[in-house]
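Trainee: Please see the structure below; I have some questions.
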Amino acid sequence: MNRDKDVAGMRMAAIAEAVTDDVMAATDEQILAEAVDEGVEPASVAEQMRSTTLARLRKIKRSRLEKARTIYQQEPKGPPAKVRPSLDEMRNRVMDLIRGGAGGDLSLAFRNGKELTNSDLEGLWDDLQELGLLDDDKPND
Amino acid sequence: MSTPEDRLDSKYGAAATTDQIEEQIERLTDADWMRLRKMAKANLWGIRFDDPDELINETFERLFTGGRIWNVGMAFIPWMRSAMKSIAHGIRNRNSVKLEALAGDLAADSDPGTAPDIFGSEGKTPLALALTEEARALAEVELAKIEAHFKGNQNVELVLMGIEDGMKPEEVREIGGMTMTQYETARKQLRRGLDKLFPARREK
Chain A
1291 MNRDKDVAGM RMAAIAEAVT DDVMAATDEQ ILAEAVDEGV EPASVAEQMR STTLARLRKI
1351 KRSRLEKART IYQQEPKGPP AKVRPSLDEM RNRVMDLIRG GAGGDLSLAF RNGKELTNSD
1411 LEGLWDDLQE LGLLDDDKPN D
Chain B
4 MSTPEDRLDS KYGAAATTDQ IEEQIERLTD ADWMRLRKMA KANLWGIRFD DPDELINETF
64 ERLFTGGRIW NVGMAFIPWM RSAMKSIAHG IRNRNSVKLE ALAGDLAADS DPGTAPDIFG
124 SEGKTPLALA LTEEARALAE VELAKIEAHF KGNQNVELVL MGIEDGMKPE EVREIGGMTM
184 TQYETARKQL RRGLDKLFPA RREK
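Going line by line, the protein sequences match chains A and B. Per the numbering used here, the first sequence starts with residue 1291, numbered consecutively. Per the numbering used here, the second sequence starts with residue 4, numbered consecutively.
Below, the structure written as structure tokens:
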């Protein structure tokens, strides 16, 4: 590299630094007045710059959100729907487990004399299956 | 170049999220935007951008896509000043242009939005310049225009000389026999003269 060739560049860099120093030191009023003097309407130009910049940022945010959503939608969503046996079969097997103390609040309610609805039974079956408390050797249907 | 380490080592807060950047931009006043334009304009020497908005937009783009990191708590306008200077330096710097080609290769297989910003870096002194041929030619033309424009204005010529030689204001004043007011007036004439000499698109 021949640094001598960059003399003009070094001088321009120094001028740019001095100018930006002065711009930073100037008051807001001076900056706005100078803009007007240069034929620029500060409020209008600032609003245009602001809206363009924010629009670009919001577009990037939307694009990231879309990307994340696509990735999320492509991911497998948990285990496949469980195959339940008949209601009678479920009731019998759940009853066996409840007698053994499984089933949490629902089984407690049942032991207290409340009826398990079909919906309760299906929910409890799924919970017990997820907890691995069902005997896999027994047929499910 | 920003690295994950920069984010951790910063004496300021964490790297700003896009929401925090958005809030910061919404808070910028009209004077802030005008100040950004003036500083961008000063940094356009030696590059082919013909409007300060292009450098401002480029800087925001790198901020939005992670190429530049602004940490929460950092004064935003000085940060933008430094980032614009660095990006402009990268565009006109020979070594950075080579790195740009490399970055293009690196980014080819990744999200361009997350490609690292390897153009230019903070803390480079003018002595570290290694201008591209185009940047050097442009700088020579621009400097000649400045010298011709202020020819005969002795005080501004002295201020220019002082700036280029890294002299203190007192030294320039002493050499030129200028009062503080005369020095400040000359310096303002220089800045306003440059504004008129290199008008931005909106000012033409």
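In this text, a Cβ means the ideal position worked out from N, Cα and C, and glycines have one as well. All figures in this text were calculated on a predicted structure; none of them were measured in a lab.
On the DSSP bridge assignment, give the partners of Leu-134 of chain B in chain order.
Mentor: As a working mapping, residue 134 of chain B is identified with position 131 in the second sequence. DSSP output for Leu-134 of chain B lists B:Asn-96 as bridge partner(s).
Trainee: My assumption, with CB atoms under 8 Å, is that Leu-1347 of chain A sits in contact with Phe-79 of chain B. Please give the rounded CB distance.
Mentor: Within the first sequence, residue 1347 of chain A is the residue found at index 57, counting from 1. Within the second sequence, residue 79 of chain B is the residue found at index 76, counting from 1. Going by Cβ atoms, the distance from Leu-1347 of chain A to Phe-79 of chain B rounds to 14 Å, so no, they are not a contact pair.
Trainee: Which chain A residues sit within Cβ distance under 9 Å of Thr-32 of chain B?
Mentor: On the second sequence, position 29 is the one that residue 32 of chain B refers to. Residues of chain A passing the Cβ test: Asp-1318, Ala-1336.
Trainee: Hey, quick one: how far does the alpha helix (DSSP H) through Phe-63 of chain B stretch, first residue to last?
Mentor: In the second sequence, residue 63 of chain B corresponds to position 60, counting from 1. Taken as a continuous stretch (DSSP letters only), the alpha helix (DSSP H) holding Phe-63 of chain B covers 55 to 67.
Trainee: Roughly how many whole angstroms lie between the Cα atoms of Asp-112 of chain B and Trp-48 of chain B?
Mentor: For the purposes of this step, residue 112 of chain B is taken as the residue at position 109 of the second sequence. For the purposes of this step, residue 48 of chain B is taken as the residue at position 45 of the second sequence. Confidence in Asp-112 of chain B is poor, its pLDDT being 38 and thus under 50, which makes the residue's placement too unreliable to answer from.
Trainee: With a 10 Å radius around its C-beta and 16 neighbouring C-beta atoms as the bar for buried, classify Asn-1382 of chain A as buried or exposed.
Mentor: On the first sequence, position 92 is the one that residue 1382 of chain A refers to. It counts as exposed.
Trainee: Can you round the beta-carbon distance between Ala-1298 of chain A and Glu-143 of chain B to whole angstroms, since I take them to be within the 8 Å contact cut?
Mentor: Locating residue 1298 of chain A in the first sequence gives position 8, where the first residue counts as 1. Locating residue 143 of chain B in the second sequence gives position 140, where the first residue counts as 1. Yes, they are in contact, since the Cβ atoms of Ala-1298 of chain A and Glu-143 of chain B sit about 4 Å apart, within 8 Å.
Trainee: Taking the CB atoms as reference points, tell me whether Ala-203 of chain B and Asp-54 of chain B lie closer together than 8 Å.
Mentor: For this step, residue 203 of chain B is matched to residue 200 along the second sequence. For this step, residue 54 of chain B is matched to residue 51 along the second sequence. Their beta carbons are under 8 Å apart, which means Ala-203 of chain B touches Asp-54 of chain B by this criterion.
Trainee: Give me the residue from B:Arg-139, B:Gln-185, B:Arg-176 with the minimum Cα distance to Arg-1301 of chain A.
Mentor: The count along the first sequence starts at 1 and reaches residue 1301 of chain A at position 11. Closest by alpha carbon: B:Arg-139.
Trainee: Starting from the Cα of Glu-136 of chain B, find the closest Cα among B:Lys-41, B:Ile-50, B:Met-37 and give me that residue.
Mentor: As a first step, residue 136 of chain B must be located in the second sequence, where it is residue number 133. With distances taken between Cα atoms, Glu-136 of chain B lies closest to B:Ile-50.
Trainee: Could you check the C-alpha separation between Trp-82 of chain B and Met-181 of chain B for me, to the nearest Å?
Mentor: Walking along the second sequence from the start, residue 82 of chain B turns up at place 79. Walking along the second sequence from the start, residue 181 of chain B turns up at place 178. Going by the C-alpha atoms only, they are around 34 Å apart.
Trainee: Is it a yes or a no for the stretch 60 to 74 of chain B touching the stretch 145 to 155 of chain B, going by three-plus beta-carbon pairs under 8 Å?
Mentor: No contact exists between the stretch 60 to 74 of chain B and the stretch 145 to 155 of chain B.
Trainee: Anything in chain B within Cβ reach of Glu-1365 of chain A, meaning under 8 Å, just list it in chain order.
Mentor: Along the first sequence, read from residue 1 onward, the residue named residue 1365 of chain A stands at position 75. The premise fails here: Glu-1365 of chain A is roughly 19 Å from chain B at the closest Cβ pair, so nothing lies under 8 Å.
Trainee: Given this structure, state the Cα-to-Cα distance separating Ile-1350 of chain A from Arg-71 of chain B, to the nearest angstrom.
Mentor: Taking the first sequence and counting its residues from 1, one reaches residue 1350 of chain A at position 60. Taking the second sequence and counting its residues from 1, one reaches residue 71 of chain B at position 68. About 15 Å.
Trainee: Compile a chain-ordered list of the residues in the stretch 40 to 66 of chain B whose CB is closer than 8 Å to at least one CB of chain A.
Mentor: Per Cβ criterion, the list reads Arg-40, Lys-41, Met-42, Ala-45, Asn-46, Trp-48, Gly-49, Asp-56, Ile-59, Asn-60, Phe-63, Glu-64.
Trainee: Name the one or two DSSP bridge partners that Lys-74 of chain B has.
Mentor: Position 71 of the second sequence, counted from the first residue, corresponds to residue 74 of chain B. The question names Lys, but residue 74 of chain B in the sequence shown is Asn. In the DSSP output, where bridge partners are listed per residue, Asn-74 of chain B has B:Ala-18.
Trainee: Which residues of chain B have a Cβ atom closer than 8 Å to the Cβ of Arg-1346 of chain A, listed in chain order?
Mentor: As a position in the first sequence, residue 1346 of chain A is number 56, starting the count at 1. In chain order: Asn-60, Phe-63, Glu-64, Phe-67.
Trainee: At the 8 Å Cβ level, is Gly-70 of chain B part of the contact set with chain A, yes or no?
Mentor: By one-based count along the second sequence, residue 70 of chain B stands at place 67. For Gly-70 of chain B, the answer is no, since every Cβ of chain A falls outside 8 Å of its Cβ.
Trainee: If you draw a straight line from the C-alpha of Gly-169 of chain B to the C-alpha of Leu-1344 of chain A, how long is it?
Mentor: Within the second sequence, residue 169 of chain B is the residue found at index 166, counting from 1. Within the first sequence, residue 1344 of chain A is the residue found at index 54, counting from 1. Rounded to whole angstroms, Gly-169 of chain B to Leu-1344 of chain A spans 39 Å at the Cα level.
Trainee: Just the chain A side, please: which residues come within less than 8 Å of Trp-36 of chain B by C-beta, in chain order?
Mentor: For the purposes of this step, residue 36 of chain B is taken as the residue at position 33 of the second sequence. Result: Pro-1332, Val-1335, Ala-1336, Met-1339, Arg-1340.
Trainee: So does the stretch 22 to 35 of chain B actually touch the stretch 182 to 196 of chain B, counting three or more Cβ pairs closer than 8 Å?
Mentor: Judged by Cβ distances under 8 Å, the stretch 22 to 35 of chain B makes no contact with the stretch 182 to 196 of chain B, as fewer than three pairs qualify.
Trainee: What residue range does the alpha helix (DSSP H) around Pro-1332 of chain A cover?
Mentor: Position 42 of the first sequence, counted from the start, is the residue given in the question as residue 1332 of chain A. Start and end: 1332 to 1364.
Trainee: Taking Cβ-Cβ distances shorter than 7 Å, what residues in chain A pair up with Leu-146 of chain B?
Mentor: Here residue 146 of chain B corresponds to residue number 143 of the second sequence, with the count starting at 1. Residues of chain A passing the Cβ test: Ala-1298, Arg-1301, Met-1302.
Trainee: Tell me which residues share the same chain as Arg-190 of chain B and place their Cβ nearer than 7 Å to its Cβ, disregarding the 5 neighbours each side in the sequence.
Mentor: The sequence position of residue 190 of chain B within the second sequence is 187, counting from 1. Counting only Cβ-Cβ distances below 7 Å, and skipping sequence neighbours, we find Val-162.
Trainee: If we cut at 8 Å on Cβ distances, does Leu-134 of chain B have a partner in chain A?
Mentor: As a first step, residue 134 of chain B must be located in the second sequence, where it is residue number 131. Judged by the 8 Å Cβ criterion, Leu-134 of chain B is in contact with chain A.
Trainee: Quick check: the Cα distance between Gly-123 of chain B and Asp-1416 of chain A, rounded to an integer number of angstroms?
Mentor: Taking the first residue of the second sequence as 1, we reach residue 123 of chain B at position 120. Taking the first residue of the first sequence as 1, we reach residue 1416 of chain A at position 126. Any reading at Gly-123 of chain B must be qualified, since the residue scores a pLDDT of 41, below 50, and its modelled position is unreliable; the value itself is stated next. Roughly 60 Å between the two C-alpha positions.
Trainee: Helix, strand or coil for Ile-178 of chain B per DSSP?
Mentor: The sequence position of residue 178 of chain B within the second sequence is 175, counting from 1. Helix at Ile-178 of chain B.
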